[in-house]
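Trainee:
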Amino acid sequence: MLVDGGPPQVAAAQAALSDLGVVDVHVAGIAKRLEELWLPDDDFPVILPRNSQALFLVQRIRDEAHRFAITFHRSKRGKAMVASALDAVPGLGPAKREALIKHFGSLKNLKAASADELTQVQGVGPSLASKIREHFDAEAAASG
15 MLVDGGPPQV AAAQAALSDL GVVDVHVAGI AKRLEELWLP DDDFPVILPR
65 NSQALFLVQR IRDEAHRFAI TFHRSKRGKA MVASALDAVP GLGPAKREAL
115 IKHFGSLKNL KAASADELTQ VQGVGPSLAS KIREHFDAEA AASG
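Note that our numbering numbers the sequence shown so that position 105 is 119, with each residue one more than the last.
The structure is reproduced here in structure tokens:
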């Protein structure tokens, strides 16, 4: 297992694996600043040559993990913003909120949708579409 960080992160990963009863997984950490590779129970890092294919591979793995984490958190934050904007709509539960988010793709698109467009989403009838529209219209009026 490769973790992003130095000795503290390696120790934390080892402790978590141990708590889970996992004993046959090796852990190493890569510290970004100096591209140091830290192994458990070593006082000093392994320094791979700058032109090493092994260093390049470890860097690519770390960078891909960063990219994945950033994409995941942006997506989660975006969905949370849309969901929280819909929390106050009576009769709109989690499943319908998720369907609206999926259908319109963004809070901006959802807010711009007409009541007729809202009814195109499965589970959203004319009554609920009107409540959603009223909610967004009142929100827009309150914000100026």
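Cβ coordinates follow ideal geometry from the N, Cα and C atoms, glycine included. Model, not experiment: these values are computed from the prediction.
Taking 6 Å as the limit between beta carbons, can you name the residues of its chain near L106, skipping five residues before and five after?
Mentor: Locating residue 106 in the sequence shown gives position 92, counting from the first residue. Closer than 6 Å at Cβ, skipping near neighbours: L100.
Trainee: Between the beta-carbon of V24 and the beta-carbon of G43, is there less than 8 Å?
Mentor: Along the sequence shown, read from residue 1 onward, the residue named residue 24 stands at position 10. Along the sequence shown, read from residue 1 onward, the residue named residue 43 stands at position 29. Yes, the pair counts as a contact, with Cβ atoms nearer than the cut-off.
Trainee: Taking P59 and W52 to be in contact with their CB atoms under 8 Å, please state how far apart those CB atoms are, rounded to whole angstroms.
Mentor: Numbered from its first residue, the sequence shown carries residue 59 at position 45. Numbered from its first residue, the sequence shown carries residue 52 at position 38. The Cβ separation is near 5 Å, so the contact holds.
Trainee: Keeping to the same chain, check which residues put their C-beta closer than 7 Å to that of I160; ignore five residues upstream and five downstream.
Mentor: Coverage of the chain is limited to positions 15 through 158, which leaves residue 160 absent and any answer about it impossible.
Trainee: Using DSSP's beta-bridge definition, name the partner residues of D55.
Mentor: In the sequence shown, residue 55 corresponds to position 41, counting from 1. None, per the DSSP bridge assignment.
Trainee: Taking E148 as the reference, give the member of Q134, A129, I84 and G139 with the closest Cα.
Mentor: By 1-based counting over the sequence shown, the position of residue 148 is 134. Checking every option, the nearest Cα to that of E148 belongs to A129.
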